[in-house]
Amino acid sequence: MRSIGRLAMAKFYETFPLKLGCAVKGIDLKTENRPEVIEQIKEDVTKHRILVFKNQGVISGDRHVEISKWFGELESTFYKHPRSPHPDVFRVSNDPKEGCTGVGRTGWHIDGSFQPAPFSYSLYHMVSIPKQGNTAFAPLTELIEGLSPDKRARWERLWMVSDRRSGPIHPLIYSHPVSGKKVLCFHLGMTTDFIWDKGTPHERNASHEEFEEIIREIHHEFVKDGGKIQYSHKWEDGDFIISDNLAVGHEATPETQFPREKVGLRVLHRTTVMGSKPPEK
Ligand SMILES: [Fe+2]
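Taking my numbering, the leading residue of the sequence shown gets 23, the next gets one more, and so forth.
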């Protein structure tokens, strides 16, 4: 309650609840630099998990990076597309001449599960908006809390092995380093193995059949009941999203890959902030 009171008193900006997170109005990210406002934004990202700043116009690559650095050091592990406005800005598109294509389409995930510490925040700005092409998000704590007791107990025993880079191994369910809430470390398209009961005498790798079943099972939790748990963000001009990457799963919808000739040009800029510590049970 105290922070709500402070927010009401401070009135740095207004927040409007979305199905997941909040829309934010009455602030210009292009010029805002007051430390107390930045602190408020950081608190609100942790509290709401997604902030959608409305009506921001076009934010330059340099400024996108400056805003991202409010949250920590950037970690830029992606392919540097020639059209990217800054080496720390990942530029994705539905046109290979404009940005990297097919990004975010290999399954539900968090960003950076291939790092020892996955990215703490992802910041997104759509600089050219197609007619279709939402980004879907889902709250991980609620997803875990909605599991049947059996499934929850099974997932608590699992570790994921990333198929990229050094192949780090992460607990599937762990506590968020800032909020302390239970969240998932996962990537349905970039996992090479699961390990049961890591660090115990019963430790073993999942069989191929178990692996397939676990992937299906996690996917099912995101899409069951018509995807009720999802918030599908329809991009509007000037949207700038800051997400608590560890608190929400996300996926680019199939429409994001529709050709430019059909839906218009899609160009999304994204930065990622280095994780603070590896996921731990
Ligand atoms: Fe992603």
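All residues carry an ideal CB built from backbone N, CA and C; glycine is no exception.
{"Query": "From 93, 106, 231, residue whose alpha carbon lies closest to that of residue 289", "Result": "106"}
{"Query": "Nearest-angstrom beta carbon gap, residue 270 and residue 162 [assumed within contact, 8 Å]", "Result": "6 Å"}
{"Query": "Runs of beta strand (DSSP E) wholly within the segment 141-202 (minimum 3 residues, chain order)", "Result": "143-150, 157-161, 180-184, 191-193, 195-197"}
{"Query": "Extent of the continuous alpha helix (DSSP H) to which residue 237 belongs", "Result": "230-249"}
{"Query": "Distance, residue 211 Cα to residue 85 Cα", "Result": "31 Å"}
{"Query": "Cross-strand partners of residue 218 (DSSP beta bridge)", "Result": "180, 226"}
{"Query": "Residues near ligand 1, criterion Cβ-heavy atom distance below 6 Å", "Result": "126, 131, 133, 272"}
{"Query": "Cβ pair count under 8 Å reaching 3, the segment 38-49 against the segment 61-79", "Result": "yes"}
{"Query": "Other residues of its chain near residue 145: CB distance less than 6 Å, five sequence neighbours each side excluded", "Result": "90, 264, 293"}
{"Query": "Residue 64 versus residue 38 - alpha carbon distance", "Result": "17 Å"}
{"Query": "Residues sharing a beta bridge with residue 262, DSSP", "Result": "75, 147"}
{"Query": "Cut-off 6 Å between Cβ atoms - residues of its own chain near residue 193, not counting five sequence neighbours on either side", "Result": "181, 301, 303"}
{"Query": "Residue 150 burial status per 10 Å Cβ neighbour count (16 or more: buried)", "Result": "buried"}
{"Query": "Alpha carbon of residue 130 to alpha carbon of residue 76, nearest angstrom", "Result": "25 Å"}
{"Query": "Nearest candidate by alpha-carbon position, reference residue 61, set 274, 35, 83", "Result": "35"}
{"Query": "Under 9 Å between C-beta atoms of residue 100 and residue 142", "Result": "no"}
{"Query": "Terminal residues of the alpha helix (DSSP H) in which residue 276 lies", "Result": "Counting along the chain, residue 276 falls outside any alpha helix (DSSP H), and DSSP gives it neither H nor E."}
{"Query": "Where residue 222 falls, given that 16 or more other Cβ within 10 Å makes a residue buried", "Result": "exposed"}
{"Query": "Exposure label - residue 230; buried when at least 16 CB within 10 Å", "Result": "exposed"}
{"Query": "Contact check, residue 133 vs residue 198, beta carbons under 9 Å", "Result": "no"}
{"Query": "CA-to-CA distance, residue 239 to residue 170, given in whole angstroms", "Result": "12 Å"}
{"Query": "Beta-carbon spacing of residue 254, residue 275 below 9 Å", "Result": "yes"}
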